[in-house]
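To start, the structure under review is shown below, and the notes come after it.
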Ligand code: GYE
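In the numbering used here, the protein residues as written are 125 to 468.
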């Protein structure tokens, strides 16, 4: 009998595992393994958990993976949450599908990192009509702010300006403030608020320097593979690149590989100046080696703030319309003080 039960249990577990595997491989709406629980919305002592549906836009970069870890670590059962986490693999249609799934399951809150700025009005209205508060995380949406409760993220425009000012300082230190400076840019996912904000911010500083010339810019989608491909193309097209601006570290790693492949000595003072964003551990290590010249931090640890804001809303308290994460700028002067503590 016991043997039979055990065998039956093993069979059932296998069937469930097979079913979940097939569901997760073909559907964008899958519940993360860590959130599975026999009585998902209740703790062992019978308390109700706050049900949150989270749509992450993808896992294109180290930053993104760190952001997902921060969200999962903060919205844990121990903190009173039942989290349904979905990865949309950089596709807006997958995010919309996931959000609609959360609405039909009547979760208590919906949170998501929007892949692009535009295209959210309809689904946000649907969530509003269903009475589910929506919290936007990381990037922004262009929709009317009455359609969501709050936003927690980074000041992308400021980051772009920090990058421009960082470049001006490097040029000044090298006595090149008045030289003609040829710049190429590797942009993040086109239409994302990180790409738009960083570009606007950098352009603002660029416009103040008549001697800075933008040779070219291309969309590298925030990935290392695209970064390498685009940089290889730039190196074939131009032999006079002074500065490479990469809108994240993952693309910078790709661009550096392309330069290495083209025979550029990355330790030579004559190599192009590299400006990057995120300040991942790998990025900071490259700053300490003098390979990346300026790395503008983008803070992915938005999980604790998300948890805090939801608890405030649960208590019926008013929350702000926007929360900005704290961010620094790294150069050879300060990177080594931070590199060891980087978790991403
Ligand atoms: O810089 C990049 C990522 O939106 C701030 O997205 C985020 C950006 C981040 O994939 O690495």
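We treat Cβ as the ideally placed atom computed from N, Cα and C, and that holds for glycine.
| Asked | Found |
| --- | --- |
| If you check the beta carbons only, do residue 366 and residue 401 fall under 8 Å apart? | no |
| For residue 235, is the classification buried or exposed, using 16 other Cβ atoms within 10 angstroms of its Cβ as the cut-off for buried? | buried |
| Is residue 178 a contact residue of the ligand GYE, with contact defined as CB to any heavy atom under 7 Å? | no |
| So, at 7 Å on beta carbons, what are the nonlocal neighbours of residue 450 in its own chain, with the 5 sequence-adjacent residues on each side left out? | 423 |
| CB residue 311 to CB residue 289, shorter than 8 Å? | no |
| Let me check understanding here. Comparing Cα to Cα, which of 371, 333, 387 and 340 lies closest to residue 318? | 371 |
| Going by DSSP, what residues sit across from residue 177 in a beta bridge? | 208 and 234 |
| Determine the direct distance from the alpha carbon of residue 182 to that of residue 215, and round the result to whole angstroms. | 8 Å |
| So if DSSP puts residue 310 in a beta bridge, which residue, or which two residues, is it bridged to? | 342 and 370 |
| At the level of alpha carbons, what is the spacing between residue 179 and residue 421? | 24 Å |
| Pick helix, strand or coil for residue 397, following the three-state DSSP scheme. | strand |
| Can the beta-carbon of residue 380 be found less than 8 Å from the beta-carbon of residue 414? | no |
| So, residue 426 versus residue 261, is the Cβ gap smaller than 8 Å? | yes |
| Keeping to the same chain, check which residues put their C-beta closer than 8 Å to that of residue 347; ignore five residues upstream and five downstream. | 184, 185, 374, 375 and 378 |
| Work out the CA separation of residue 331 and residue 301 for me, nearest whole Å. | 14 Å |
| Going by the C-beta, is residue 469 closer than 7 Å to any heavy atom of the ligand GYE? | It is not possible to answer for residue 469, since the shown part of the chain is limited to 125 through 468. |
| Quick one, which of 355, 323 and 314 has its alpha-carbon nearest residue 241's? | 314 |
| Specify the secondary structure class of residue 279 as computed by DSSP and reduced to three states. | coil |
| Going along the chain, which unbroken runs of the beta strand (DSSP E) with 3 or more residues stay wholly within the region 399-447? | 418-421 |
| By Cβ distance, which residues of its chain are closer than 7 Å to residue 248, with the 5 residues on each side in sequence left out? | 258, 267, 271 and 272 |
| So, helix, strand or coil for residue 265, using DSSP? | coil |
| Terminal residues of the continuous alpha helix (DSSP H) containing residue 214? | Per DSSP, residue 214 belongs to no alpha helix (DSSP H) and is neither H nor E. |
| Closest by CA to residue 175, which one among 205, 194, 168 and 189? | 205 |
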